[in-house]
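A.B. asks: Residue numbers (the working numbering): 77 to 544.
1) In terms of alpha-carbon separation, which member of 254, 144 and 170 lies closest to residue 246?
2) Give the range of the beta strand (DSSP E) segment to which residue 308 is assigned.
3) If you follow the beta strand (DSSP E) that residue 174 is in, where does it begin and where does it stop?
4) Quick check on DSSP: helix, strand or coil for residue 294?
5) Quick check: residue 232 and residue 184, are their CB atoms within less than 9 Å of each other?
6) Per DSSP, what are the beta-bridge partners of residue 251 in this structure?
7) Taking C-beta to C-beta, are residue 310 and residue 278 nearer than 9 Å?
8) Taking a contact to mean a Cβ-Cβ separation below 9 Å, would you say residue 251 touches residue 99 in this structure?
9) What are the start and end residues of the alpha helix (DSSP H) that includes residue 212?
10) Straight-line CA distance for residue 365 to residue 85?
11) Please check the pair residue 386 and residue 370, which I expect to be a contact at CB under 8 Å, by giving their CB distance rounded to whole angstroms.
12) With three or more beta-carbon pairs closer than 8 Å as the criterion, would you say the stretch 434-445 touches the stretch 91-106?
13) Please tell me whether residue 267 and residue 420 are closer than 9 Å, where the distance is taken between their beta carbons.
14) Count the CB pairs spanning the stretch 289-307 and the stretch 376-395 that are closer than 8 Å, and state whether there are at least three.
15) Can you tell me which of the three DSSP states residue 379 falls into?
16) For the alpha helix (DSSP H) that contains residue 459, what are its first and last residues?
17) Check each candidate in 202, 121, 214 and 236 and name the one with the smallest Cα separation from residue 157.
18) Is the stretch 290-297 touching the stretch 347-356, taking contact as three or more C-beta pairs under 8 Å?
19) Taking the DSSP output, what are the residues bridged to residue 117?
20) In terms of residues, what are the limits of the alpha helix (DSSP H) holding residue 390?
21) Measure the alpha-carbon distance for residue 60 versus residue 219 and round it to whole angstroms.
22) Return yes when the Cβ of residue 191 is within less than 9 Å of the Cβ of residue 147, no when it is not.
23) Taking the C-alpha atoms as reference points, what is the distance between residue 133 and residue 182?
24) Could you tell me the boundaries of the alpha helix (DSSP H) in which residue 433 lies?
25) Hey, could you find the ends of the alpha helix (DSSP H) residue 349 is sitting in?
26) Do residue 328 and residue 272 have their CB atoms nearer than 9 Å?
27) Does DSSP put residue 320 in a helix, a strand or coil?
28) Start and end of the alpha helix (DSSP H) containing residue 161?
29) Assuming residue 178 contacts residue 221 under a Cβ cut-off of 8 Å, what Cβ separation, rounded to an integer in Å, is found between them?
30) Give the single residue among 334, 257, 314 and 140 whose Cα lies nearest to the Cα of residue 285.
31) With distances taken Cα to Cα, identify the nearest neighbour of residue 209 among 188, 287 and 317.
32) What three-state label does DSSP hand residue 300 in the structure shown?
33) Is DSSP giving residue 415 helix, strand or coil here?
34) Identify, in the order they occur along the chain, each residue of the same chain with its Cβ nearer than 7 Å to the Cβ of residue 113, setting aside the five sequence neighbours on each side.
35) Below 6 Å CB to CB, which residues in the same chain sit around residue 92 once its five sequence neighbours on both sides are set aside?
36) Would residue 339 be called buried (16 or more neighbouring beta carbons within 10 Å of its own) or exposed?
Shown next as structure tokens:
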């Protein structure tokens with residue numbers, strides 16, 4: 077859900093992206109491998125393996141992003157998620173060097189996503205699941221190669237038909253530095269606001285200005301104009317006027333993201349909903365907000381020793397008063413504000429898990445993730461089990477969830493019109509108890525009946541290994 081809300085990490089260079097997107101493939105494959113190993117009496121992977129794969133994925137995606145602009149040719153950055161995930165999942169699966177090369181070649185020859193869904197007039201929700209789709213494609217390609225599918229040695233450089241000629245203007249990739257730990261050390265954590273990263277400092281500026289307006293006895297209604305100095309990347313991605321059609325459109329519009337805190341003194345995920353967006357003051361203020369590129373910001377955005385994401389805002393009021401410009405070059409979550417960001421990141425983490433887990437489970441999660449040695453030595457399958465909700469409607473569902481990871485749970489009516497739940501595992505179908513409402517079967521409403529079946533069929537101490 078955090079990825080869906082564009083509230084995860086970020087790395088900005090010639091290409092933009094969210095390297096932690098690769099966790100979609102890394103965790104899924106590591107968990108599957110671990111549970112399979114346990115089922116066969118072998119040792120599962122450790123979280124150290126996941127963290128190592130995560131670092132490698134960050135370096136691959138970010139390393140390619142440093143000097144190579146896929147957005148300039150209209151391609152979405154999730155191509156790099158697919159390539160990075162292809163490489164690291166190949167390693168997790170134990171593929172050979174040649175097989176890994178084949179998987180990566182398959183990732184490049186695969187159809188690539190256009191940036192259409194990230195820009196006006198077509199900004200839409202695909203941008204929220206595009207990375208997940210790329211992860212899925214990468215894993216699928218790795219499994220195909222594992223089964224014997226071939227690779228394509230000159231997928232990049234082949235004349236006419238290679239990636240460079242077809243999709244990259246005939247230009248080969250450039251590389252700024254070796255693959256070490258630079259990307260992981262310079263990754264940006266999106267902490268303060270659920271907003272496209274190029275607007276983070278602008279939103280922070282707007283919060284400061286909202287407080288200044290309040291101190292003056294003024295409000296957003298008194299604003300005549302708002303001028304934003306920003307980077308070239310922000311101009312290209314999020315500077316837009318006119319109608320905004322949906323959540324995805326709004327969280328990729330700097331005028332909207334600045335208007336909200338100027339009006340309300342906040343910016344939350346709920347502020348992108350139709351309910352909030354219907355406030356006429358928002359569009360009125362958006363029309364007064366203009367952006368210009370600040371060359372200094374654009375240059376320092378790419379500088380290896382700075383990597384700033386600067387914004388500056390100046391407000392003029394209707395009475396002619398011009399407020400002092402507020403300028404912020406580095407957002408909370410940047411390497412230069414890392415210490416400031418750590419407690420806020422911790423608070424964000426707790427804020428997002430508290431609605432979903434009881435306090436005891438939260439305490440256990442925090443105990444594991446806050447100690448590096450404990451986390452690194454944790455079995456991957458047991459780590460994933462930490463994130464299973466314990467109860468639904470008062471029923472302990474941990475056993476059900478574990479089993480259903482390897483199963484398909486469906487509902488149907490038999491020839492007598494009786495509603496049933498069917499559990500299918502590796503081709504074996506097991507009919508469960510009759511449903512209480514056969515005409516409108518609903519899994520949640522009938523959970524107690526399914527639970528009774530489950531309790532009779534096995535017990536919670538039965539492991540997936542024993543049950544599968």
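Don't be surprised by glycine CBs; every beta carbon is placed ideally from N, CA and C.
Note that the structure is a prediction, hence the values are computed from the model and not measured.
C.D. replies: Checking against the coordinates, here is how it stands:
1) For the purposes of this step, residue 246 is identified with residue 170 of the chain shown, where counting begins at 1. Checked all of 254, 144 and 170; the closest Cα to residue 246 is 144.
2) The residue given as residue 308 occupies position 232 in the chain shown. Where residue 308 is concerned, there is no enclosing beta strand (DSSP E), although the alpha helix (DSSP H) it sits in stretches over 308-314.
3) Translated into positions along the chain shown, residue 174 becomes position 98. Careful: residue 174 lies outside any beta strand (DSSP E), inside the alpha helix (DSSP H) at 173-185.
4) Against the chain shown, residue 294 aligns to sequence position 218. Coil.
5) Working through the chain shown from its first residue, we reach residue 232 at position 156. Working through the chain shown from its first residue, we reach residue 184 at position 108. Yes; because the gap between Cβ atoms is below 9 Å, this pair is in contact.
6) Here residue 251 refers to the residue found at position 175 of the chain shown. Beta-bridge pairing links residue 251 to no other residue.
7) Translated into positions along the chain shown, residue 310 becomes position 234. Translated into positions along the chain shown, residue 278 becomes position 202. In this structure, residue 310 sits near residue 278, with a CB-CB distance shorter than 9 Å.
8) If you number the chain shown from 1, residue 251 lands on position 175. If you number the chain shown from 1, residue 99 lands on position 23. The answer is no: Cβ separation not under 9 Å.
9) Taking the chain shown and counting its residues from 1, one reaches residue 212 at position 136. Residues 202-222.
10) Numbered from 1 along the chain shown, position 289 holds the residue referred to as residue 365. Numbered from 1 along the chain shown, position 9 holds the residue referred to as residue 85. Using only the alpha carbons, I get a separation of about 27 Å.
11) Here residue 386 corresponds to residue number 310 of the chain shown, with the count starting at 1. Here residue 370 corresponds to residue number 294 of the chain shown, with the count starting at 1. At roughly 7 Å, the Cβ-Cβ gap stays under 8 Å, so residue 386 and residue 370 are in contact.
12) No, the stretch 434-445 is not in contact with the stretch 91-106.
13) To locate residue 267, count along the chain shown from 1; it is residue 191. To locate residue 420, count along the chain shown from 1; it is residue 344. Contact flag set, yes.
14) Output reads yes: the stretch 376-395 touches the stretch 289-307.
15) Against the chain shown, residue 379 aligns to sequence position 303. Three-state result, residue 379: coil.
16) As a first step, residue 459 is located in the chain shown; it is residue number 383 there, counting from the start. Element bounds for residue 459: 456-461.
17) Taking the first residue of the chain shown as 1, we reach residue 157 at position 81. The option with the nearest alpha carbon to residue 157 is 214.
18) The answer is no - the stretch 347-356 does not touch the stretch 290-297, with fewer than three Cβ pairs under 8 Å.
19) Position 41 of the chain shown, counted from the start, is the residue given in the question as residue 117. Beta-bridge pairing links residue 117 to no other residue.
20) What you label residue 390 is simply residue 314 of the chain shown in a count that begins at 1. Taken as a continuous stretch (DSSP letters only), residue 390 belongs to no alpha helix (DSSP H), being part of the beta strand (DSSP E) at 387-393.
21) This structure gives no information on residue 60, because the portion of the chain shown stretches from 77 to 544.
22) Counting from 1 along the chain shown, the entry for residue 147 is found at position 71. Counting from 1 along the chain shown, the entry for residue 191 is found at position 115. Yes, the Cβ-Cβ distance between residue 147 and residue 191 is below 9 Å.
23) If you number the chain shown from 1, residue 133 lands on position 57. If you number the chain shown from 1, residue 182 lands on position 106. Taking the straight line from one Cα to the other gives about 17 Å.
24) Position 357 of the chain shown, counted from the first residue, corresponds to residue 433. Element bounds for residue 433: n/a, residue is neither H nor E.
25) Start at 1 with the first residue of the chain shown, and residue 349 comes out as number 273. Counting along the chain, residue 349 falls outside any alpha helix (DSSP H), and DSSP gives it neither H nor E.
26) The residue labelled residue 328 in the question sits at position 252 within the chain shown. The residue labelled residue 272 in the question sits at position 196 within the chain shown. Yes, they are a contact pair.
27) The sequence position of residue 320 within the chain shown is 244, counting from 1. Per DSSP, reduced to three states, the secondary structure at residue 320 is coil, with no helix or strand assignment.
28) Here residue 161 refers to the residue found at position 85 of the chain shown. From DSSP, the alpha helix (DSSP H) with residue 161 extends over 154-168.
29) Reading the chain shown from its first residue, position 102 is the one you call residue 178. Reading the chain shown from its first residue, position 145 is the one you call residue 221. Going by Cβ atoms, the distance from residue 178 to residue 221 rounds to 5 Å, so yes, they are a contact pair.
30) Residue 285 sits at position 209 when you count from the first residue of the chain shown. Per the Cα distances, 334.
31) Walking along the chain shown from the start, residue 209 turns up at place 133. The shortest Cα separation from residue 209 among 188, 287 and 317 belongs to 188.
32) The count along the chain shown starts at 1 and reaches residue 300 at position 224. Three-state DSSP puts residue 300 in a strand.
33) Counting from one through the chain shown, the residue named residue 415 turns up at place 339. Helix, per DSSP.
34) Working through the chain shown from its first residue, we reach residue 113 at position 37. Excluding the 5 residues flanking it on each side, residue 113 has same chain C-beta neighbours closer than 7 Å at 119 and 120, in chain order.
35) Translated into the one-based positions of the chain shown, residue 92 becomes position 16. Hits under 6 Å: 153.
36) Within the chain shown, residue 339 is the residue found at index 263, counting from 1. With 16 or more other Cβ atoms within 10 Å, it is buried.
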